[in-house]
Ligand code: RIB
Ligand code: CA
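Residue numbers (this note's numbering): 5 to 334.
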């Protein structure tokens, strides 16, 4: 993992702030290599109000109350029914152990307006890092069709190329929640990194990591505390062991080059928007595998399949070294 950081990577996170989104926000606040330009909020793990308040609270806890938070969409693009994931993240989206207070206030712009505004002010600099359903990013594209030329790139936590889905046999939650939005985002001509379940299901916090966090300062202890519910879900649903998937923090780490992919082909990728069993699947053309992934003309989606080791340790070290919350989190 890098030890020097001559320039910071400016990112805009777009979150449905549950437990692993919280990991990503804390990580973006603590990593000296990252400039957190702002946060858009989105329905998904929890409803939009909760995603927004949780994002504001976490920024306040990390001593970053000036980072703008913009509310985004409450439903998918087509206005269809919304399913939340309180059973994964707890009723408060913080493992039922979140802070009681409410800190901060969202800005008046919507998330889509904020994304467009920020990227127009800093053309070519900002990496968008959506780690929830892609509705806000699709709305930003509709507002500013030139957006692909105004960003550095888009690093998405979502989709899966070869690993099984986590909502249906083939679909990952963030894409499955709004396949029509994801389709617009994947079709836009910008550099995409699709940080899917292929890598995030293998990037795990273990009981040892959480023991270390509990011995750290208040921010670190908070992370360990809210992760208990999420870890229990992961144990029952996926691993048979108390492990926590770091989905959204992995996307932040890759966006800022704080973890490197060792296998990451640049391929064509598209989203299934049909109403059949494939709905929400990200279909990635990995047929070049046996030829070491020769170039595909016009491809603009990078799909990490393997990461170097050490990201969970790096994340834990950063957290344990962090101090106490800047606000009362009891
Ligand atoms: O499938 C995992 C993703 O869905 C993560 O971003 C998690 O926070 C949920 O949004
Ligand atoms: Ca998320």
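From the three backbone atoms N, C-alpha and C, an ideal C-beta is built for every residue, glycine too.
Exposed unless 16 or more other CB atoms sit within 10 angstroms - verdict on residue i
{"i": "residue 266", "result": "exposed"}
{"i": "residue 319", "result": "buried"}
{"i": "residue 94", "result": "buried"}
{"i": "residue 159", "result": "buried"}
{"i": "residue 176", "result": "buried"}
{"i": "residue 301", "result": "exposed"}
{"i": "residue 91", "result": "exposed"}
{"i": "residue 313", "result": "exposed"}
{"i": "residue 244", "result": "exposed"}
{"i": "residue 252", "result": "buried"}
{"i": "residue 183", "result": "buried"}
{"i": "residue 22", "result": "buried"}
{"i": "residue 193", "result": "exposed"}
{"i": "residue 326", "result": "buried"}
CA-to-CA distance, residue j to residue i, given in whole angstroms
{"i": "residue 316", "j": "residue 214", "result": "11 Å"}
{"i": "residue 12", "j": "residue 39", "result": "6 Å"}
{"i": "residue 322", "j": "residue 34", "result": "7 Å"}
{"i": "residue 218", "j": "residue 333", "result": "15 Å"}
{"i": "residue 240", "j": "residue 129", "result": "41 Å"}
{"i": "residue 8", "j": "residue 263", "result": "Note that residue 8 scores 49 on pLDDT, short of 50, meaning its location in the model is unreliable; the coordinates nonetheless yield the value given after this. Each residue's Cα considered, the two are about 13 Å apart."}
{"i": "residue 50", "j": "residue 62", "result": "15 Å"}
{"i": "residue 20", "j": "residue 27", "result": "12 Å"}
{"i": "residue 294", "j": "residue 198", "result": "21 Å"}
{"i": "residue 298", "j": "residue 270", "result": "9 Å"}
{"i": "residue 248", "j": "residue 146", "result": "35 Å"}
{"i": "residue 181", "j": "residue 86", "result": "8 Å"}
{"i": "residue 77", "j": "residue 133", "result": "16 Å"}
{"i": "residue 227", "j": "residue 237", "result": "16 Å"}
{"i": "residue 188", "j": "residue 110", "result": "26 Å"}
{"i": "residue 222", "j": "residue 30", "result": "12 Å"}
{"i": "residue 303", "j": "residue 231", "result": "37 Å"}
{"i": "residue 137", "j": "residue 104", "result": "26 Å"}
{"i": "residue 340", "j": "residue 123", "result": "Any answer about residue 340 is impossible in this case: the structure gives the chain only from 5 up to 334."}
{"i": "residue 178", "j": "residue 149", "result": "22 Å"}
{"i": "residue 229", "j": "residue 68", "result": "21 Å"}
{"i": "residue 278", "j": "residue 64", "result": "41 Å"}
Spatially closest choice to residue i from the options, by CA coordinates
{"i": "residue 336", "options": "332, 17, 319 and 298", "result": "The chain is shown only over 5 to 334; residue 336 falls outside these bounds and no answer can be derived."}
{"i": "residue 135", "options": "41, 256, 244 and 245", "result": "256"}
{"i": "residue 44", "options": "325, 204 and 59", "result": "59"}
{"i": "residue 273", "options": "240, 259, 291 and 264", "result": "291"}
{"i": "residue 305", "options": "195, 326, 232 and 250", "result": "195"}
{"i": "residue 225", "options": "328, 199 and 146", "result": "328"}
{"i": "residue 276", "options": "253, 289, 53 and 285", "result": "285"}
{"i": "residue 210", "options": "250, 199, 176 and 182", "result": "250"}
{"i": "residue 37", "options": "99, 14, 47 and 55", "result": "14"}
{"i": "residue 202", "options": "268, 324 and 331", "result": "268"}
{"i": "residue 46", "options": "98, 88, 31 and 101", "result": "88"}
{"i": "residue 53", "options": "29, 96, 67 and 65", "result": "96"}
{"i": "residue 254", "options": "311, 81, 100 and 151", "result": "311"}
{"i": "residue 235", "options": "220, 258, 222 and 205", "result": "205"}
{"i": "residue 281", "options": "122, 120 and 174", "result": "174"}
{"i": "residue 102", "options": "200, 324, 260 and 233", "result": "233"}
{"i": "residue 82", "options": "67, 193 and 186", "result": "186"}
{"i": "residue 283", "options": "65, 48 and 170", "result": "170"}
{"i": "residue 216", "options": "324, 308, 260 and 126", "result": "324"}
Counterpart residues of residue i in DSSP-defined beta bridges
{"i": "residue 285", "result": "175"}
{"i": "residue 55", "result": "Answer is none; residue 55 lacks a bridge partner."}
{"i": "residue 198", "result": "160"}
{"i": "residue 306", "result": "197 and 270"}
{"i": "residue 14", "result": "39"}
{"i": "residue 134", "result": "18"}
{"i": "residue 185", "result": "None, per the DSSP bridge assignment."}
{"i": "residue 73", "result": "43"}
{"i": "residue 249", "result": "208"}
{"i": "residue 311", "result": "265"}
{"i": "residue 275", "result": "286"}
Cβ-heavy atom distance, residue i to ligand 4, below 7 Å
{"i": "residue 135", "result": "Among the ligands present in this structure, namely ligand 1 and ligand 2, ligand 4 is not found."}
Contact with chain B by residue i, beta-carbon distance below 8 Å
{"i": "residue 82", "result": "Of the protein chains in the structure, only one exists, and it is not chain B."}
Report task. May I ask you to verify whether the region 156-171 touches the region 57-73, counting CB pairs closer than 8 Å and requiring at least 3? Result -> no
Query - Cβ pair count under 8 Å reaching 3, the region 136-156 against the region 106-119 - result: Output reads yes: the region 106-119 touches the region 136-156.
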